[in-house]
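Protein chains in written order, with the working numbering: chain V, 301 to 1071; chain L, 30 to 425.
From the three backbone atoms N, C-alpha and C, an ideal C-beta is built for every residue, glycine too.
Since the structure comes first, as structure tokens, the remarks are kept for the end.
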Amino acid sequence: MSAPSGWATQQLAEFLAVLTSAADDHDAVVDALERLAESFEADAGAFVRDGEVVASLGWADGCVPDADLFAAAASDGAGIVLAGMGRCETVAIPVDRDEGTTLVLARAGYRFTAEEVGLLRGMARVLALGLRLLGTVAAERRQVEANRDLVVSLQERQALLERLSRIQRDISARAPLQEVLDAITAGAAELLNDEVVGLRLVDETDPDFMFMVSSVGVASEIEDTYERRPVGAGVGGRAIVEDCLCVVEEYQDWDGAIEAFADDGLHSAMGAPVHLGGRPIGCLVVASHRRGRVYSAAEREILVAFAEHASLALNDARTVEAMNKALDDATHQAMHDELTGLPNRACFYDRTDQALRQAARDGTRTAVLLFDLNRFKEINDTLGHKYGDRLLDAIGPRIRHGLRDGDTLARLGGDEFCVLLPRIDGLRTALQVAERVIALLEEPFEIDGMTLGVDASCGIATAPEDGGNADLLLQRADVAMYVAKDTHANVVSYDDELNVNTPARLALLGELRTAIAHNQLVLHYQPKAALESGKIQGVEALVRWQHPILGLVPPDRFIPLAEHTGLIKALTTWVLDSALGQLRQWQQQTGDAFPTDLSMAINLSTRSLLDDSFPAEVGAALERSGVAADLLELEITESAIMADPVRAHRLLTELSAFGVKLSIDDFGTGYSSLAYLKNLPVDQLKIDRSFVSNMRNDANDAIIVRSVIDLGHNLGLQTIAEGIEDLDTWHQLTSLGCDSAQGFFLARPMPAADFSAWLAATACCANAASR
Amino acid sequence: MTTSRVLDHQRATTQWAATGGSHDPDAGRAGAEAAGTALTGDDPKLLVVFASDIYELTRLLDGVADVAGDVPVIGCSTAGEIAAAGPGTSGVVVMALGGAGFSVATAAADADAHGLRQAGADVAASVARLDDRPHKVMLLLSDGLGGDQQEVVRGAHRVLGAEVPLVGGCAGDDLKMQHTFQFHGRSVMEHAVVGAAIGSCGPIGIGVEHGWRAVGEPMVVTASDGNRVLALDDQPALSAYLQRLDAPASLRGDAEAFTRFAMTHPLGLSRRSGDEVRFVAGADFAEQSLNCIAALPQGSLAWIMEGNRDSVLEATNVACQSALAELDGRPPVGLLAFDCIARKGVLGDGIVAEVDQISGFAAGAPVAGFYTYGEIARTRGVNGFHNQTLVVVAFG
Chain V
301 MSAPSGWATQ QLAEFLAVLT SAADDHDAVV DALERLAESF EADAGAFVRD
351 GEVVASLGWA DGCVPDADLF AAAASDGAGI VLAGMGRCET VAIPVDRDEG
401 TTLVLARAGY RFTAEEVGLL RGMARVLALG LRLLGTVAAE RRQVEANRDL
451 VVSLQERQAL LERLSRIQRD ISARAPLQEV LDAITAGAAE LLNDEVVGLR
501 LVDETDPDFM FMVSSVGVAS EIEDTYERRP VGAGVGGRAI VEDCLCVVEE
551 YQDWDGAIEA FADDGLHSAM GAPVHLGGRP IGCLVVASHR RGRVYSAAER
601 EILVAFAEHA SLALNDARTV EAMNKALDDA THQAMHDELT GLPNRACFYD
651 RTDQALRQAA RDGTRTAVLL FDLNRFKEIN DTLGHKYGDR LLDAIGPRIR
701 HGLRDGDTLA RLGGDEFCVL LPRIDGLRTA LQVAERVIAL LEEPFEIDGM
751 TLGVDASCGI ATAPEDGGNA DLLLQRADVA MYVAKDTHAN VVSYDDELNV
801 NTPARLALLG ELRTAIAHNQ LVLHYQPKAA LESGKIQGVE ALVRWQHPIL
851 GLVPPDRFIP LAEHTGLIKA LTTWVLDSAL GQLRQWQQQT GDAFPTDLSM
901 AINLSTRSLL DDSFPAEVGA ALERSGVAAD LLELEITESA IMADPVRAHR
951 LLTELSAFGV KLSIDDFGTG YSSLAYLKNL PVDQLKIDRS FVSNMRNDAN
1001 DAIIVRSVID LGHNLGLQTI AEGIEDLDTW HQLTSLGCDS AQGFFLARPM
1051 PAADFSAWLA ATACCANAAS R
Chain L
30 MTTSRVLDHQ RATTQWAATG GSHDPDAGRA GAEAAGTALT GDDPKLLVVF
80 ASDIYELTRL LDGVADVAGD VPVIGCSTAG EIAAAGPGTS GVVVMALGGA
130 GFSVATAAAD ADAHGLRQAG ADVAASVARL DDRPHKVMLL LSDGLGGDQQ
180 EVVRGAHRVL GAEVPLVGGC AGDDLKMQHT FQFHGRSVME HAVVGAAIGS
230 CGPIGIGVEH GWRAVGEPMV VTASDGNRVL ALDDQPALSA YLQRLDAPAS
280 LRGDAEAFTR FAMTHPLGLS RRSGDEVRFV AGADFAEQSL NCIAALPQGS
330 LAWIMEGNRD SVLEATNVAC QSALAELDGR PPVGLLAFDC IARKGVLGDG
380 IVAEVDQISG FAAGAPVAGF YTYGEIARTR GVNGFHNQTL VVVAFG
């Protein structure tokens, strides 16, 4: 069971909302526990502090298993038994190390994942800060309550209470700090009826100075003087330094007076300290020009009460700021891998889902590439985790180097890295990126002077073809990656078939790799002849795999596997070398009796047409065999060409430039555009057997065959019909003007050794036409 | 009149369930008839009454009590009743549980007095009065229009812990969305939680499923207060919701039309193991807010949910199958169904098919239930309040 996208950030946001609305410490703890259990679908949970269960959930009253909870708090993963549910997984998260508070959550059936534990740690930090805020606010409130009792005048008291409760409401409602501070100075001015009120705070960046944050009645001509003063100057400065109320009623005679204010005729002033985290960091000052102005005890307490509210507002704002930062940190932590700093699984899911939504809007494709290091475990085991971790840390930048700016690289855990490629045009781009990244990873890593070599396997899944959500894509990339690993292929793209009978297929793939490496595959050859003369023109090489246990494995079973595992490249090279080698051997052995223009046809895979290096490989194989290029015929299916027509055109043009002949296989079964077809450098159309074998009985098929022949001729191409099984069809095709034939009627595919004998016996197959 | 009563003879001596129903226009006679039909076995332990508020409910309960004597009674008003014979409206359905295998204790609490959480806790405390039974469930009926009913679940869970599952639903008022009523004995209450702690010798299975899925981009709940959603994506919630759904302008002042529309366009929240659905019950047109039947916390992401006849009927299958799967292969003696009224909105005529489906799973055992304004099912974890969901309880 994995969490859906965006879940982590959402849980944090909701959690913060719950915490900030709690009335007191105990409510916050209880609400937090409930919220945590709901978020993580835990069956039970508790806060444990100093050998005491502070709050619990999931046990009936009086049934809380204190001892078990202490054990679970002391040891992460200790587990706990819940009535009716059996043993549950537990997780222990420190909330406040100073206070020794630990959160324990228990869940039946599902382990807590690394992401969940990361998120829980973040939430625990937010909770700790929240509890501290509540503690501070409670202390400030108690102070306010105590002082309120000292205000003697009932009238003043009522006005004060109204003012203060309004300020408290503003603080609770998280009104902007400046508004709250302005309400405090305005309230003090109104209640104390003095002309000048100012609230100053110590400058954090220059603690010897304080600056004005809110004021009432400060004359503009002396505003500059007020704006910034050294800490210690005037009643406010004194209140900060001495951390107590400072009252001066003969200002001009006072030794601490600020000259400008004395000159301005200030008569009386008092300042009360404002605190943040218990330290004086500012002052609230009232001052009057009225001669004889003295401050009563009640007025002094009113000023202190307002100053305390300023403290309350500042503490609240500061703590909310800290909580928001913790929230940001926790969100970051919940979305990133601790070791490498790369996005983690949760983040990867999030971004993949975003990319998929975007792709659905703009009609692009998305690919997920899953890389797994092949020898990482050995490095970890032999050199230790330190080297393993350093290596993992170095992998990220290396992979990043092969990606575009907008691609996402994530570490999913262990030695698994995942890449999200948004907005790509198709699988080919994904394959290129995968191969580029693998090449980058193959470069040795220098870790502490030690050279470490790793290689990686990559599984690819693309959307929308392989899945429409992150979960499915990752799961399918994982399937492909394991196939890559088990078959020692670098890159495997997902195919539905990979998901079927996986163990058996994996075994088959491993054996196929061995079979190619140890030359256990064989080629059979099926002759082709000119329809009119019956002259043998060439053979088509068909690969066969005689499995020691399974017997003859049909090509349609192992070739698709090879295509999806990168084995196709080795297989194609093997077929090219074997077929051309055989042709060369026949040419040399049979001497004059052998038709010197006998051609060799080979089938190409779609993957070969996506491989830029393929023409060069064909050239190299021709060179190795010494066979003339024009005796090699490459058969390509329509669908292989249409998979990437632009690229196919380029590769076929290159191949054609060697002199290699090109034939379109299974013609008529695909959806090739004629306009496109006529621009391809092909030599021959091969009419699919499905039309040929039935043309005697089905008029429609006969019409199709005729049309293809006419079309081919009009385009200047040779036509060859495959699947001819009887003489009538042979004659029919001849009369339609088809050029060549292939099929059981002429000969079944046969081993190389039999072909020489067959060729001799048929004496150039002149009898074929007359049979 | 529709009645059904099937006793599993092999277990007749240990525990049984039976149902009765009536559409008699006279409230007293309807109550007496439905209860009388259900009370056919020996040693009855509990009557659960689901009745339309078209009736004068005090008289209806008097009618029930006159027949039931000292058998405990709980129940609530509905937005339609469910019986094996099919769905109905403007009627009454009663399920009786009885036999030595069952032990029952009932309670009621006023949510206005001490809040929903305390009410949930007070009612759940009745579990302590049960005789020793291997299987227990706490059946809760509450007022979905009266605040976040997850609070009731939280209160009950605090008292009972993880061991006793919670099931039930919120009373209805035939979609008037004004007042719902809870029944305890002869009392008709408002803003109350009533409950029956049920102990059983046979297993009790619970199935929960909704059949909705999130579509499109989520919206952020930028301001909310409990069940009231004030702003979505920083816009007044009502406008944002209607705009997203491209709803007709006529809904912007017509409370009834809005409720009917919203019934099939719930909101969803993303939760760890999937989506949680929130029934949009109404709107405050002046305040431009949405009233839901459960809380949408500020800061959460909300999706528009989509469901159709097939997905809702498939959910019915899943809920019934999961409930029955817990009976260790025994046939059920009875099924209780708490089915969100909004599902009825999606199904339309298909509700007949749905109830047929439930009856099919019951395989002859009696079925009773009602169309709810919110469903309760807590089998694991803490979350137990649902919307647009079907909860099926199978007594084995």
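Residue i versus residue j - alpha carbon distance
i: L/L98; j: L/S106; result: Reading off the sequence shown, one finds Gly at residue 98 of chain L, where the question assumed Leu. Approximately 21 Å between the Cα atoms of the pair.
i: L/V420; j: V/R657; result: 33 Å
i: L/E383; j: L/D202; result: 21 Å
i: V/G919; j: V/T873; result: 11 Å
i: V/A1041; j: V/S908; result: 26 Å
i: V/R651; j: V/T708; result: 8 Å
i: V/K869; j: L/G379; result: 57 Å
i: L/A291; j: L/A94; result: 38 Å
i: L/R359; j: L/A129; result: 18 Å
i: V/F1055; j: V/Y825; result: 7 Å
i: V/Q1032; j: V/G1016; result: 21 Å
i: V/T413; j: V/E716; result: 16 Å
i: L/T32; j: L/L261; result: Residue confidence for L/T32 is low, a pLDDT of 34 falling below 50, so the modelled location carries little weight and cannot support an answer.
i: V/E811; j: V/L419; result: 45 Å
i: V/A367; j: V/E389; result: 16 Å
Where residue i sits in the DSSP three-state scheme
i: V/L1033; result: helix
i: L/Q386; result: helix
i: V/L419; result: helix
i: V/W845; result: strand
i: V/L905; result: A small fix is needed here, since residue 905 of chain V is Ser in this sequence, not Leu. Coil, per DSSP.
i: L/M248; result: strand
i: V/L876; result: helix
i: V/P764; result: coil
i: V/D555; result: coil
i: V/G534; result: helix
i: V/L357; result: strand
i: V/F717; result: strand
i: V/I868; result: helix
Residues near residue i in its chain [Cβ-Cβ closer than 6 Å; skip 5 each side]
i: L/S445; result: Outside the shown range of chain L (30 to 425) lies residue 445 of chain L, about which nothing can therefore be said.
i: L/G117; result: E110
i: V/A1052; result: Q882
i: L/P73; result: V100, A125, G127
Distance CB(residue i)-CB(residue j) smaller than 7 Å
i: V/R665; j: V/T762; result: yes
i: L/G115; j: L/V381; result: yes
i: V/P580; j: V/D543; result: yes
i: L/V78; j: L/V123; result: yes
i: L/L76; j: L/A225; result: no
i: V/A655; j: V/C583; result: no
i: L/L319; j: L/V258; result: yes
Beta-carbon separation (whole angstroms), residue i vs residue j, contact threshold 8 Å
i: L/L376; j: L/V422; result: About 21 Å separates the two Cβ atoms, so there is no contact after all.
i: L/Q178; j: L/F414; result: 5 Å
i: L/A354; j: L/G234; result: 7 Å
i: V/Y794; j: V/G753; result: Incorrect: roughly 28 Å between the Cβ atoms, too far for contact.
i: L/C199; j: L/I322; result: 7 Å
Contacting residues, own chain, Cβ-Cβ under 7 Å from residue i (five flanking each side not counted)
i: V/T640; result: L692, D693, G696, R711
i: V/F370; result: V348, G351
i: L/R162; result: S132, G228, S229, C230
i: V/T1034; result: L831, E832
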